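Peer 1: First the structure, which I've put down as structure tokens, then a few questions once you've had a look.
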Amino acid sequence: MASPSSRRTGFSKKAQYSVFTGYVFAGLGALLGLALLILSLWQPSSLAPLRGAAQDVTAPAGTATAVVRKNSTNWWDYLSGYFEAADQNAALRKEVELARVKLAEAEALEQENERLRALVALAGSEIEPVAVARLIGSSASSSRRFAVVNAGREDGIEVGMPVRSPRGVVGRILEVARNSSRVLLLTDSESIVPVRRTSDSTVAFAEGRGDGLLRIRLINLGVNPFEKGDVFVTSGAGGYYRPGVAVAVMSEVLPDGGLAQLIANPAEADTVSVEPIYEPEAVAASQIPLEQPLSDELLSDEPQVAPPPGGAPDASENE
Amino acid sequence: MARLSPISRPDRYAQRINREQSPWRALTVPYVSIMLASFIPAVFLASVMPIFPPLGFVMLVAWRVMRPGLLPMWVGVPLGAFDDLFSGQPFGSAILLWSITMIVLEAMEGRFPWRGFWQDWFAASLAIISYVLFAIVVSGATTTPFHVFAAVPQIIFSVLFYPVLARMVAQLDRFRLARTRRVG
Chain A
-15 MASPSSRRTG FSKKAQYSVF TGYVFAGLGA LLGLALLILS LWQPSSLAPL
35 RGAAQDVTAP AGTATAVVRK NSTNWWDYLS GYFEAADQNA ALRKEVELAR
85 VKLAEAEALE QENERLRALV ALAGSEIEPV AVARLIGSSA SSSRRFAVVN
135 AGREDGIEVG MPVRSPRGVV GRILEVARNS SRVLLLTDSE SIVPVRRTSD
185 STVAFAEGRG DGLLRIRLIN LGVNPFEKGD VFVTSGAGGY YRPGVAVAVM
235 SEVLPDGGLA QLIANPAEAD TVSVEPIYEP EAVAASQIPL EQPLSDELLS
285 DEPQVAPPPG GAPDASENE
Chain B
603 MARLSPISRP DRYAQRINRE QSPWRALTVP YVSIMLASFI PAVFLASVMP
653 IFPPLGFVML VAWRVMRPGL LPMWVGVPLG AFDDLFSGQP FGSAILLWSI
703 TMIVLEAMEG RFPWRGFWQD WFAASLAIIS YVLFAIVVSG ATTTPFHVFA
753 AVPQIIFSVL FYPVLARMVA QLDRFRLART RRVG
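Line order of the protein sequences matches chains A and B.
Position 207, counted from 1, in the first sequence is what the working numbering calls 191; the numbers after and before it change by one each time, with no gaps.
Just add 602 to the spot in the second sequence (first one is 1) and you have the working numbering.
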């Protein structure tokens, strides 16, 4: 079938001109898009308020689907539970026995920990979350990995704050709107988290790769000590994430590190908590250009993003 | 009357007494459906890789292919801007890519006016594949082969989903042009 005859211009000057104008307008639109694209790549924060306002308006819809998602995943677990019940029961029994022993050991360790803390006069390092929120959406059709949480400026959230689920790190706040904010997930290819191996504190960087895996890169190059199954937690370097939160499990070893899988899959998290930046001084110091010498005035000029949590080392250590 | 002479009512959509097309509906349905399709992927949680087809774009292409001339050529600007608010791409990427798509599809149609299901699907698939790949390039992250690998399931799903969406657009088009009651 050919396209409708009304769309053929024939000898009508008027029709020809209107087709030509269509091309001109579309071309101008493409140029406008290109200009906006360059602007938003060059100054990502310039057009963020637009997106933030749209997020705020649609947050209720996202919250509703988040509730549905939670219920539907529960439903699936419920159904599949019937088929795995017996095996799972046996396995869980074994695990509980082991866990009881470990728990007793952990309690002893905790007591010892408290005693040592009292000895060096450190305050308890419990960090109160700034907000507890739901993940209400994500960039599901884009190659970037962002999520949206339904808490924003009004809940005290600020850019850079770490976001975690009960299982581990989810990401970091990237843009804040009035009552929603955008999270850069760990799997995004622009996300880098300093991590260490739990068993011996070998430090590394965990970078998102864009395809769901994290690339673990050793900081000290040499013989690669990693093995499959190693667990990585945040090291606290960089100042954003507090140390000791689970990040990833190594799944494949490469010459200079390896590939790891996320521990806290945001899609499985019911709620996430947004925590204050671990060491705002360190973050502020890292944003001062290398040519400038570090001084107290410079650091205090930077907006204090959050009060330093108890137990954070003194700022003078970073100088 | 229709029973007496079938040609007096050539189709189901023509006017009758107190029954005619609603101009409101006829003008808004394509735009509303495309905007809704742009918004839908944003409420799903894809934390690992892009799983959702770029629904807004596929919808735009479906409307463009099913009903050439219905959407003006510059429609990529407003609809693309709306898509950019929710897609997670840097603002302006959909404005640029959707406008270019409209121009290319228009030029292609002038060149090859013959159309059918398979050609439509083929053209739409080409548009979708190139859109997804170009969207990776302008996403603001350094493009690596991993991004492209991660997009393969999304591309396959989008291409297979196009005929379904084209049927849905056809249904929407019937709804758009259906006679509605008009009192007064």
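Here a beta-carbon is modelled for each residue, glycine too, at the ideal position from N, C-alpha and C.
For clarity, every value in this text was computed on a predicted model and none was experimentally measured.
#1: Which residues in the same chain have their Cβ closer than 6 angstroms to the Cβ of GLN756/B, if we skip the five residues on either side of it in sequence?
#2: Out of ASP71/A, GLY13/A and GLY65/A, point me to the one whose CA is closest to ALA683/B's CA.
#3: I'd like to know whether the C-beta atoms of VAL258/A and ALA135/A end up nearer to each other than 8 angstroms.
#4: Within this structure, are the beta carbons of LEU305/A and ARG129/A separated by less than 8 angstroms?
#5: From what residue to what residue does the alpha helix (DSSP H) around ILE757/B run?
#6: Is the CB-CB distance between TYR764/B and TRP723/B below 8 angstroms?
#7: Name the chain B residues whose beta carbon is nearer than 7 angstroms to that of ALA251/A?
#8: My assumption, with CB atoms under 8 angstroms, is that THR182/A sits in contact with VAL215/A. Please give the rounded CB distance.
#9: Can you tell which of TYR262/A, SER270/A, ILE120/A and GLY242/A has its C-alpha closest to the C-alpha of VAL114/A?
#10: What beta strand (DSSP E) runs, 3 residues minimum, are completely inside the stretch 181 to 262 of chain A?
#11: Write down the C-beta distance between SER219/A and PHE646/B rounded to the nearest angstrom, noting that I regard them as a contact closer than 8 angstroms.
#12: Please state the DSSP three-state secondary structure of VAL116/A.
#13: Within this structure, are the beta carbons of GLY194/A and ALA752/B separated by less than 8 angstroms?
#14: Would you kindly work out how many angstroms separate the C-alpha atoms of ARG84/A and ALA75/A, rounded to a whole number?
#15: Using the Cβ count rule (16 or more neighbours within 10 Å means buried), how would you classify VAL104/A?
#16: Note the first and the last residue of the continuous alpha helix (DSSP H) segment covering SER689/B.
#17: Can you tell me whether LEU687/B is buried or exposed? The criterion is at least 16 other CB atoms within 10 Å of its CB, across all chains shown.
#18: Say whether the stretch 764 to 777 of chain B touches the stretch 620 to 635 of chain B, bearing in mind that this needs 3 or more beta-carbon pairs closer than 8 angstroms, one atom from each stretch.
#19: What does the Cβ neighbour count give for SER2/A, buried or exposed, with the cut at 16 atoms within 10 Å?
#20: Report the three-state DSSP secondary structure of GLY17/A (helix, strand or coil).
#21: Does MET675/B get closer than 8 angstroms to chain A when you measure Cβ to Cβ?
#22: Terminal residues of the continuous beta strand (DSSP E) containing GLY658/B?
#23: Does chain A have any CB closer than 8 angstroms to the CB of ILE705/B?
#24: Are the CB atoms of VAL133/A and VAL147/A within a distance shorter than 8 angstroms?
#25: In the DSSP output, which residue or residues are listed as bridge partners for GLN623/B?
#26: Flag this pair as yes or no: are the beta carbons of ARG162/A and GLU138/A separated by less than 8 angstroms?
#27: To the nearest angstrom, how far is it from the Cα of GLY(-6)/A to the Cα of VAL706/B?
#28: Tell me the rounded alpha-carbon separation between SER235/A and GLY242/A.
#29: For THR703/B, which residues of its own chain have a beta-carbon under 6 angstroms away from its beta-carbon, when the five flanking residues on both sides are left out?
#30: Please state whether the Cβ-Cβ distance between ALA248/A and ALA221/A is less than 8 angstroms.
#31: Let me make sure I understand the geometry here. Which of GLY155/A, GLY228/A and GLY144/A has the alpha-carbon closest to that of SER185/A?
#32: Against chain A, does GLN691/B count as a neighbour if the rule is that its beta carbon must be under 8 angstroms from one of theirs?
#33: Please state whether DSSP places GLY121/A in a helix, a strand or coil.
#34: According to the neighbour-count rule (16 or more other Cβ atoms, all chains shown, within 10 Å of its Cβ), is ALA737/B buried or exposed?
#35: Under 8 angstroms: do the stretch 654 to 663 of chain B and the stretch 63 to 81 of chain A share three or more Cβ pairs, one atom per stretch?
#36: If you count every other CB in all the chains shown that lies within 10 Å of the CB of PHE714/B, and 16 or more means buried, which is it?
Peer 2: According to the data block:
#1: PRO652
#2: For ALA683/B, the nearest C-alpha among the options comes from GLY13/A.
#3: yes
#4: The question about residue 305/A has no answer, for chain A in this structure spans -15 to 303.
#5: 747 to 779
#6: TYR764/B places its beta carbon less than 8 angstroms from that of TRP723/B.
#7: LEU647 and SER649
#8: 5 angstroms
#9: TYR262/A
#10: Runs found: 187 to 192, 198 to 202, 215 to 218, 230 to 238, 241 to 246 and 256 to 258.
#11: Actually they are not in contact, since the Cβ atoms of SER219/A and PHE646/B sit about 33 angstroms apart, beyond 8 angstroms.
#12: strand
#13: yes
#14: 14 angstroms
#15: Exposed, because fewer than 16 other Cβ atoms sit within 10 Å of the Cβ of VAL104/A.
#16: 678 to 689
#17: LEU687/B is buried by the Cβ-count criterion.
#18: yes
#19: exposed
#20: For GLY17/A, the three-state secondary structure derived from DSSP is helix.
#21: Chain A contact via Cβ: present.
#22: Note, GLY658/B: premise wrong, no beta strand (DSSP E); alpha helix (DSSP H) at 657 to 668.
#23: yes
#24: Yes. Within cutoff.
#25: ARG781/B
#26: yes
#27: Taking the straight line joining both Cα atoms gives about 21 angstroms.
#28: Roughly 7 angstroms separates the two Cα atoms.
#29: ALA729
#30: no
#31: GLY228/A
#32: yes
#33: strand
#34: buried
#35: no
#36: exposed
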